[in-house]
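Residue numbers (this note's numbering), protein chains in the order written: chain E, 2 to 93; chain L, 118 to 281. Glycine is no exception: its CB is placed at the ideal position from the N, C-alpha and C atoms.
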Amino acid sequence: MPEKENVMKIQLRFFASIREALNLSQETLELPASIATVGELRTFLRTRGPVWAEVLAEGRSLRMAFNQELANADTALAESGEVAFFPPVTGG
Amino acid sequence: MTMPIRVQAEDFDFAAELAQLRLSNPKIGAVVSFLGTVRDLSDGSAVAQMELEHYPGMTEKALSAIIDQAKQRWEIFDALVIHRIGPLLPLDQIVLVAVSSAHRGDAFAACEYIIDYLKTEAPFWKKEHTEQGARWVDARSTDDEALAKWEQDALPLPMRESKK
Numbered sequence: 002m003p004e005k006e007n008v009m010k011i012q013l014r015f016f017a018s019i020r021e022a023l024n025l026s027q028e029t030l031e032l033p034a035s036i037a038t039v040g041e042l043r044t045f046l047r048t049r050g051p052v053w054a055e056v057l058a059e060g061r062s063l064r065m066a067f068n069q070e071l072a073n074a075d076t077a078l079a080e081s082g083e084v085a086f087f088p089p090v091t092g093g
Numbered sequence: 118m119t120m121p122i123r124v125q126a127e128d129f130d131f132a133a134e135l136a137q138l139r140l141s142n143p144k145i146g147a148v149v150s151f152l153g154t155v156r157d158l159s160d161g162s163a164v165a166q167m168e169l170e171h172y173p174g175m176t177e178k179a180l181s182a183i184i185d186q187a188k189q190r191w192e193i194f195d196a197l198v199i200h201r202i203g204p205l206l207p208l209d210q211i212v213l214v215a216v217s218s219a220h221r222g223d224a225f226a227a228c229e230y231i232i233d234y235l236k237t238e239a240p241f242w243k244k245e246h247t248e249q250g251a252r253w254v255d256a257r258s259t260d261d262e263a264l265a266k267w268e269q270d271a272l273p274l275p276m277r278e279s280k281k
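#1: In the DSSP assignment, the beta strand (DSSP E) including E:Arg64 goes from what residue to what residue?
#2: Is E:Thr29 closer than 8 Å to E:Thr76 when the C-beta atoms are compared?
#3: Could you name the residues that DSSP lists as bridge partners for L:Thr154?
#4: Measure the C-alpha to C-alpha separation of L:Trp242 and E:Glu31 and round it to an integer number of angstroms.
#5: Counting only C-beta atoms, is L:Phe229 closer than 8 Å to chain E at any point?
#6: Reducing DSSP to helix, strand and coil, say where L:Lys281 ends up.
#7: Assign L:Glu170 to one of three DSSP states: helix, strand, or coil.
#8: Is any beta-carbon of chain L found at less than 8 Å from that of E:Ala17?
#9: Quick one: does E:Val52 have its CB under 8 Å from some CB of chain L?
#10: Just to confirm before moving on: does the CB-CB distance between L:Ile193 and L:Val212 stay below 8 Å?
#11: Anything in chain E within Cβ reach of L:Val254, meaning under 7 Å, just list it in chain order.
#12: Please name the residue, chosen from L:Leu205, L:Met167 and L:Arg221, that lies closest to L:Phe129 on a Cα-to-Cα basis.
#13: For a cutoff of 8 Å on Cβ pairs, would you count L:Ala215 as touching chain E?
#14: Among L:Val216, L:Ala226, L:Ser258 and L:Gly250, which one has its Cα closest to the Cα of L:Lys236?
#15: Give the range of the beta strand (DSSP E) segment to which L:His122 is assigned.
#16: Anything in the segment 178-205 of chain L with a Cβ closer than 7 Å to a Cβ of chain E? List those residues in chain order, please.
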């Protein structure tokens, strides 16, 4: 049997206004091997539809985390990692 | 020493928390605390209720990193952070930051540093319920500006290292 194309399993989390706009708090996703960074994942998710395109738009004020640490577009993804998208924080 | 970081729905006893921190070590000569509470007015609208959401796991990691950085920068014994989540009403306590040290200077600076970074890097979000409906609170530019005074220092900042 030929080897299957390499897929990476990622846990997605959404919080606050992002969670509400997408009506989704989390999901597990299998990514094609061509997606290697948090920024590429964000671009990929925008293709899911108009709401996704708007919520994850490039100019939008948005924070990203990988494995529960703040990340940027260049942060590398890893198997079974957790990626979160959320608005700037407002605690305290 | 109890857990220095607590994220909880329940209220906390401000005086009891400070007493416990203060009495834990006879070398302590100063305790500085910051208590954040719910205001009934925000951007001109009456706030009937507030809801606080957070990112379980990352919140504790972020707060722990901020406290570690404060401990590296100043001579402090302990730092305590309690942050509430869930529904809150005007006058309710939201957050307590308390720091103990031998002298006041380190305690004042460390306490202000911790709350400044909590407000910009710990994953908490506020939603206000007003007469006009519910709305997510926008991040304030003054909170980012508050960090400027700490960034003049050459030391690495919490969470910033991982952003490279």
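From the atom records:
#1: Arg64 to Phe67
#2: no
#3: L:Gln210
#4: 29 Å
#5: Here residue 229 of chain L is Glu; the residue named in the question, Phe, does not match the sequence. Not one chain E Cβ lies under 8 Å of L:Glu229.
#6: Low per-residue confidence applies at L:Lys281: pLDDT is 37, beneath 50, and the placement is therefore not dependable enough to give any value.
#7: strand
#8: yes
#9: no
#10: no
#11: Thr91
#12: L:Leu205
#13: no
#14: L:Ser258
#15: Per the sequence shown, the amino acid found at residue 122 of chain L is Ile instead of His. Element bounds for L:Ile122: Ile122 to Gln125.
#16: Lys178 and His200
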